[in-house]
Amino acid sequence: MSFESLGLEADLLRAVREQGYDTPTPIQAQAIPAVLSGRDLMAGAQTGTGKTAGFTLPMLQRLAENPAPRRRRGVRALVLAPTRELAAQVHDSVLAYGKHKNLRSAVVFGGVNIRPQMNRLRDGVDVLVACPGRLLDHVQQGTVDLSGVEILVLDEADRMLDMGFIHDIRRVVKLLPPTGERQTLLFSATFSNEIKALAAGMLHRPDTIEAPGTNRTADRIAQRVIAVDKSRKRELLSHLAGANRWEQVLVFSRTKHGANRLAKQLSSDGLEAAAIHGNKSQGARTRALADFKAGKVRVLVATDIAARGLDIEQLPHVVNFDLPNVAEDYVHRIGRTGRAGREGEALSLVSADERGLLKDIERLVGLDLTPEVLEGYEPSKAAEKAARQAENGQGKPKPRGGRAGRHARRRKQAARQGNGIGTGNGRDRGNGAGKNRGQGRGKGSGNGKSGQQANGGRQTESQRSGGQSGNRADGRTRGKSRRGGSGLANRILGPE
Ligand code: AMP
């Protein structure tokens, strides 16, 4: 299969050659003729499959074949993308593939000055790549006219819905020519009922295509899962990055705060690290990404939203520091490596409280992801016990009276007095920074029982973010008990 055989014209073939592509990827082989036919299209493809060229090349060809007078503030093809990074990347592709075509394009997203965008839109564009929120800002200000859109592309539609853009999308679509009078292309890595409902209202008798492995993880990505206590993940990550001389690793954290904290800790471990998430300014995000690409930053710690659009050539390692709450995000995350046919490794550090999430992921990707246990990082028995109890629904904090209560109070008192014997009082467990713990010096064992109530009634991160481990115990133990129980994690985390 060659690009020539797909019906692309000479200028575009030249641009493709200049990108160094010899062979179309499977999604390109299917999408290019489908889009050229002018029909609507619903395509199952995750990032890394080459989907951007799959819709951009034929879209540019169709625009060039049917030249239309450029209307003031008009747009001929509109590509909606969920994140700024993805929008910028898609626009880069439009520029690269359209290099030998006389087409005008623009990209608009929030977090940057709107003025230059307005100026760019004034004389109209052939292609506009946009994030929904900023596009609606332009609509409100009357600086863009969408009534003449010939082609609409929804890129990473599932992600746009995850991010709450559904209403924005519907508002945008109302401003376009009706279904049937425009061509609509919808790309999504997953097909939930919500996506199908969106598609049903927006697409007219679409062709449907699916890249091999949609909802599945790419074969070329080696996936490893390591069972480890939550409190030791950072230590293990530093160790693996150092021992294996990882030069470029993208690490996923579930929360923005967690991403910041981890980047700081890794930097103090001597690993150059930066965080990228939605609370950072666009400038900071662009800088962090540029430093990471240039090799100045070895570890980029990202949240899901920030990472969705990142396209980093030959990214060799992705680490899930926390498993995502939504299994589909695992597919997106690890799709950051092994891109466009290259090899990659995706590593997940899984603590006992995340086993439910791991099961969801196994179910989604159809793989057995039984965790390994690394010598010196074996999960603690306490974590196993607490996780089992949480799973059996026995983990609700019980009122503590009588002897058990007295013991617990005594342990707490001892901990306050600083003798390092107490087991996990709420505060220590909550912040995971108990000194004794990390250094294996203390005597006590973070036992499961106190683990259930160890956070002293405060919400854990996973509770706040909708996780399922209401009674999780973080399994933070110290000294000997941490090292016991080889093979434990297979019992804790292995598929049932
Ligand atoms: P995408 O899934 O569109 O984000 O593309 C992922 C990566 O694959 C990008 O870095 C593209 O430059 C690259 N790519 C796209 N098509 C091809 C191709 N036919 N051959 C090799 N690399 C490609």
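At position 463 of the sequence shown the residue is numbered 538 (our numbering), and the sequence of numbers has no breaks. For glycine and all other residues, C-beta sits at the position ideal for the given N, C-alpha and C. No experiment lies behind these values; they were computed from the predicted model shown.
Item checked: Assigned exposure category for A461 - 16 Cβ within 10 Å defines buried -> buried
Next item on the list: Please report how far the alpha carbon of A402 lies from the alpha carbon of G353, in whole angstroms.
Entry: 21 Å
Note to self: According to DSSP, simplified to helix, strand and coil, what is T100?
What the structure shows: coil
Next item on the list: Flag this pair as yes or no: are the beta carbons of A349 and L375 separated by less than 7 Å?
Entry: yes
Note to self: Is it the case that the stretch 88–104 contacts the stretch 115–134, given that we only count it when at least three CB pairs across the two stretches are under 8 Å?
What the structure shows: yes
Note to self: Whole angstroms are fine: how far does the CA of K434 sit from the CA of R539?
What the structure shows: Its pLDDT being 30, under 50, R539 is placed unreliably in this model, and the coordinates cannot settle the point.
Notebook entry, point to check: Using CA coordinates, which residue listed in N400, A421 and D443 is at the minimum distance from G431?
Noted result: N400
Checklist line | Selected residue, minimal CA-CA separation from V183, among K174, E160 and H175 | finding: E160
Next item on the list: Determine the closest residue to R114 out of L211, V165 and E256, with distance taken between C-alpha atoms.
Entry: E256
Next item on the list: Have a look at G82 and V204 and give me their C-alpha separation to the nearest angstrom.
Entry: 24 Å
Next item on the list: Please confirm whether any heavy atom of the ligand AMP lies closer than 6 Å to the CB of P99.
Entry: yes
Notebook entry, point to check: Which ranges does the beta strand (DSSP E) cover as unbroken runs of at least 3 residues, wholly within the stretch 149–210, from first to last along the chain?
Noted result: 150–155, 180–183 and 200–205
Notebook entry, point to check: Can you tell me whether DSSP reads A109 as helix, strand or coil?
Noted result: helix
Notebook entry, point to check: Cβ of Y452 within 7 Å of Cβ of V303?
Noted result: yes
Next item on the list: Say yes only if the C-beta of Y96 is nearer than 6 Å to one or more non-hydrogen atoms of the ligand AMP, and no if none qualify.
Entry: yes
Next item on the list: Report the rounded CA-to-CA distance for R360 versus I351, giving the unit in angstroms.
Entry: 6 Å
Notebook entry, point to check: In the structure shown, what three-state DSSP assignment does G513 receive?
Noted result: With a pLDDT of only 31 at G513, under the threshold of 50, the placement of this residue in the model should not be trusted; the figure read from the coordinates follows. G513 falls in the helix class under three-state DSSP.
Check: What's the call for T98, buried or exposed, on a 16-neighbour Cβ count within 10 Å?
Finding: exposed
Check: DSSP on H352, reduced to helix/strand/coil?
Finding: coil
Item checked: Contact set for R137: own chain, Cβ-Cβ below 6 Å, skip 5 residues either direction -> none
Next item on the list: Check the C-beta distance from L261 over to A272 and give it rounded, since I have them as a contact under 8 Å.
Entry: Incorrect: roughly 12 Å between the Cβ atoms, too far for contact.
Note to self: Please state the DSSP three-state secondary structure of F266.
What the structure shows: coil
Next item on the list: Give me the Cα-Cα distance between R89 and G95, rounded to the nearest whole angstrom.
Entry: 10 Å
Checklist line | Three-way DSSP call (helix, strand, coil) for E403 in this model | finding: helix
Item checked: Contact set for A109: own chain, Cβ-Cβ below 7 Å, skip 5 residues either direction -> L116, D282 and I284
Note to self: Measuring straight from C-alpha to C-alpha, what distance separates R209 and E269?
What the structure shows: 23 Å
Next item on the list: To the nearest angstrom, report how far apart G276 and A156 are at their CA atoms.
Entry: 19 Å
Checklist line | Own chain partners of E84 with C-beta closer than 7 Å, once the 5 adjacent residues on each side are dropped | finding: Q136
Item checked: Sequence-distant residues of its chain with Cβ nearer than 6 Å to F78 (five each side left out) -> L88, V91 and P99
Notebook entry, point to check: Can the beta-carbon of R145 be found less than 7 Å from the beta-carbon of D220?
Noted result: no
Checklist line | Rounded C-alpha distance that separates S65 from L424 | finding: Past the edges of the chain, shown from 76 to 571, lies residue 65, and the structure says nothing about it.
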